[in-house]
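Reading through the structure tokens given below for one structure.
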Amino acid sequence: MAHTVCLIPGDGIGPEVAEAARAVIDAAGASIEWILLPAGAAAAEEYGEVLPAMTLDAISTHQVALKGPVTTPIGKGFASVNVQLRKKLNLYAAVRPVRSMPGVKTRYDDVELVVIRENTEGLYSGIENEITDGVVTSLKVATRKACTRIARFAFNYARERERNRVTVFHKANIMKVSDGLFLECARAVHEQEASNVTYDELIIDNGCMQLVRDPSPFDILLLENLYGDVVSDLCAGLVGGLGVVPGANIGDDCAVFEAVHGSAPDIAGKDLANPLALIMSGVMMLNHIGQIEAADRIKDAYNAVLAEGNTQERTRDIGGTGGTKAFTQALIRRIEAG
Ligand code: ATP
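In terms of this note's numbering, the sequence shown opens at residue 18 and continues consecutively.
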């Protein structure tokens, strides 16, 4: 039976990369019925809301979405679509696998790590106030419930995938109470539920320095919201940039798969965007819904096309001369050739 998946093209490069991902997933023989849904700046123009209720309702009902990046209009009072989605659907865990890709030359050959980011609180709670003229505060929220939940998710993820190290990046030397609680919860879950997994902690500035110097010892990185956002992009830079890093936002009921990158307005509509990050997010989605064969076909296809190194069949961000469409067609040809 076909699985219903919500497809949200989004803004900027979103429609181009979403179309590419859908074409590749269909070519791989996945059994999916797509429902096209609005979100972002385009939705605000048509529906007066960046995140229309129909979109939220459809994801709640069907539980799986593949989402392109969205832009939140600045200065119009809209809360970020991504933040709203993650909070309203309780998508508390962002999972971002970061891997060296065949044929994509970077400083390192063997990066294989996963960023797990708490998605619902921290400084992204959006509680900001102007106390008096020229003085503002921004509240960092940490709850034992959310800190424990994300720690448990990270250790479970490690166990299920036979990974053996979880490292927390933090700044508890300065934010002793909030980051202190994050650490306390991670330590408790480790001790009580996952003592066979190696656990360690690094102050985030030191952690970033160690990551760029040599990422190979790292396995799973566990971070609160803001640190996870920043470190995800840093890690993308280790393997070729934002065009090659997928992601998933997971909750107990729903999962929304999306690339780490934003709407990249500078290259939108020019056939320059690398669709691979969203295609790889689609592979994560196919694995999530149990369509493993289609997922493997896509993975084999992009690994083969990249390994061949034909510059016309890759986008410029990873050293090619081709466009979104040329790369997508190369993947489809490869899938069809078996
Ligand atoms: P937003 O505000 O939506 O996050 P942004 O432009 O600030 O958008 P990104 O969209 O993440 O941030 O883009 C950062 C840079 O990376 C841009 O120069 C963009 O062109 C490039 N980039 C992002 N995604 C891709 C992609 N899929 N293919 C090629 N280049 C990309």
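For every residue, glycine included, the Cβ atom is placed at its ideal position computed from N, Cα and C.
Jot down the residue ranges of each uninterrupted beta strand (DSSP E) in the stretch 125-203, minimum 3 residues, whole runs only, in chain order.
If only complete runs of 3 or more residues are kept, the stretch 125-203 shows the beta strand (DSSP E) at 129-135, 145-149, 152-155, 182-187, in order along the chain.
Do S48 and the ligand ATP come close, with the Cβ less than 7 Å from some heavy atom?
Here residue 48 refers to the residue found at position 31 of the sequence shown. No heavy atom of the ligand ATP is found nearer than 7 Å to the CB of S48.
With 16 as the cutoff for other CB atoms within 10 Å, does Y319 come out buried or exposed?
Numbered from 1 along the sequence shown, position 302 holds the residue referred to as residue 319. Classification of Y319: buried, given that the 10 Å Cβ count is 16 or more.
Assign S77 to one of two classes, buried (16 or more other C-beta atoms within 10 Å of its C-beta) or exposed (fewer than that).
For this step, residue 77 is matched to residue 60 along the sequence shown. Counting Cβ neighbours within 10 Å, S77 comes out exposed, since fewer than 16 surround it.
Decide if the stretch 326-344 is in contact with the stretch 298-313; the criterion is three or more beta carbon pairs, one per stretch, under 8 Å apart.
Below 8 Å, too few C-beta pairs join the stretch 326-344 and the stretch 298-313 to call them touching: fewer than three.
According to the Cβ coordinates, are L259 and A253 closer than 8 Å?
As a first step, residue 259 must be located in the sequence shown, where it is residue number 242. As a first step, residue 253 must be located in the sequence shown, where it is residue number 236. In contact: L259 and A253 (Cβ atoms closer than 8 Å).
Cα-Cα, which of V34, K105, N242, I148 is closest to A168?
If you number the sequence shown from 1, residue 168 lands on position 151. Minimum Cα distance to A168 is reached at N242.
Ignore the nearest five residues each way along the sequence and tell me which others in G286's own chain have a CB closer than 7 Å to its CB.
Here the question's residue 286 lines up with position 269 in the sequence shown. In its own chain, leaving out the 5 sequence neighbours on each side, no residue places its CB closer than 7 Å to the CB of G286.
Could you tell me the distance, in whole angstroms, from the CA atom of C164 to the CA atom of I49?
Position 147 of the sequence shown holds residue 164. Position 32 of the sequence shown holds residue 49. Taking the straight line joining both Cα atoms gives about 35 Å.
Tell me, to the nearest whole angstrom, how far the beta carbon of I357 is from that of F186; I am working on the premise that it is less than 8 Å.
Nothing about residue 357 can be reported from this structure: the residues present for the chain run from 18 to 355 only.
Does the distance between the C-beta of P86 and the nearest non-hydrogen atom of the ligand ATP fall short of 7 Å?
Working through the sequence shown from its first residue, we reach residue 86 at position 69. Yes - the ligand ATP has a heavy atom lying nearer than 7 Å to the Cβ of P86.
Pick helix, strand or coil for F344, following the three-state DSSP scheme.
For this step, residue 344 is matched to residue 327 along the sequence shown. Under the three-state reduction of DSSP output, F344 falls in the helix class.
So, helix, strand or coil for A56, using DSSP?
As a working mapping, residue 56 is identified with position 39 in the sequence shown. For A56, the three-state secondary structure derived from DSSP is coil.
Here's the rule I'm using: 16 or more other beta-carbon atoms within 10 Å means buried, otherwise exposed. How should Q209 be labelled?
Here residue 209 refers to the residue found at position 192 when the sequence shown is read from its first residue. With fewer than 16 neighbouring CB atoms inside 10 Å of its own CB, Q209 falls in the exposed class.
So, V100 versus V87, is the Cβ gap smaller than 8 Å?
Counted from its first residue, the sequence shown places residue 100 at position 83. Counted from its first residue, the sequence shown places residue 87 at position 70. Cβ distance not < 8 Å, so V100 and V87 don't count as in contact.
Where does T72 fall in DSSP's three states?
In the sequence shown, counting from the first residue as 1, residue 72 sits at position 55. The answer is helix: DSSP assigns T72 an H, G or I state.
Tell me the rounded alpha-carbon separation between L73 and L156.
Start at 1 with the first residue of the sequence shown, and residue 73 comes out as number 56. Start at 1 with the first residue of the sequence shown, and residue 156 comes out as number 139. CA-CA distance, L73 to L156, rounds to 27 Å.
Using only the alpha-carbon positions, how far apart do S233 and D250 sit?
Here residue 233 refers to the residue found at position 216 when the sequence shown is read from its first residue. Here residue 250 refers to the residue found at position 233 when the sequence shown is read from its first residue. The alpha-carbon atoms of S233 and D250 are separated by roughly 17 Å.
Rounded to whole angstroms, how far is the Cβ of F170 from the Cβ of A110, which I believe are closer than 8 Å?
Walking along the sequence shown from the start, residue 170 turns up at place 153. Walking along the sequence shown from the start, residue 110 turns up at place 93. Between the beta-carbon of F170 and that of A110 there is about 5 Å, and that keeps the pair under the 8 Å contact cut.
Sorted by chain position, which residues of the same chain lie with C-beta nearer than 6 Å to T215's C-beta, five sequence neighbours on each side aside?
Along the sequence shown, one-based indexing puts residue 215 at 198. Correct list, in chain order: N181, R182.
Just to confirm my understanding: we take I352, look at its own chain, exclude 5 residues before and 5 after, and list those with CB closer than 6 Å. What are they?
If you number the sequence shown from 1, residue 352 lands on position 335. The beta carbon of I352 lies closer than 6 Å to those of A44, A45, R314, A318 in the same chain, with the five residues before and after it left out.
Given a threshold of 16 other Cβ atoms within 10 Å of its Cβ, counted over all protein chains shown, does T345 qualify as buried or as exposed?
By one-based count along the sequence shown, residue 345 stands at place 328. T345 counts as buried, since at least 16 other C-beta atoms from the protein chains shown sit within 10 angstroms of its C-beta.
How about V131 and G257: are their beta carbons less than 8 Å apart?
Numbered from 1 along the sequence shown, position 114 holds the residue referred to as residue 131. Numbered from 1 along the sequence shown, position 240 holds the residue referred to as residue 257. Not closer than 8 Å, so no.
Quick check: does the Cβ of A290 come within less than 7 Å of any heavy atom belonging to the ligand ATP?
Within the sequence shown, the letter at position 273 stands for residue 290. Checking the Cβ of A290 against the ligand ATP gives yes.
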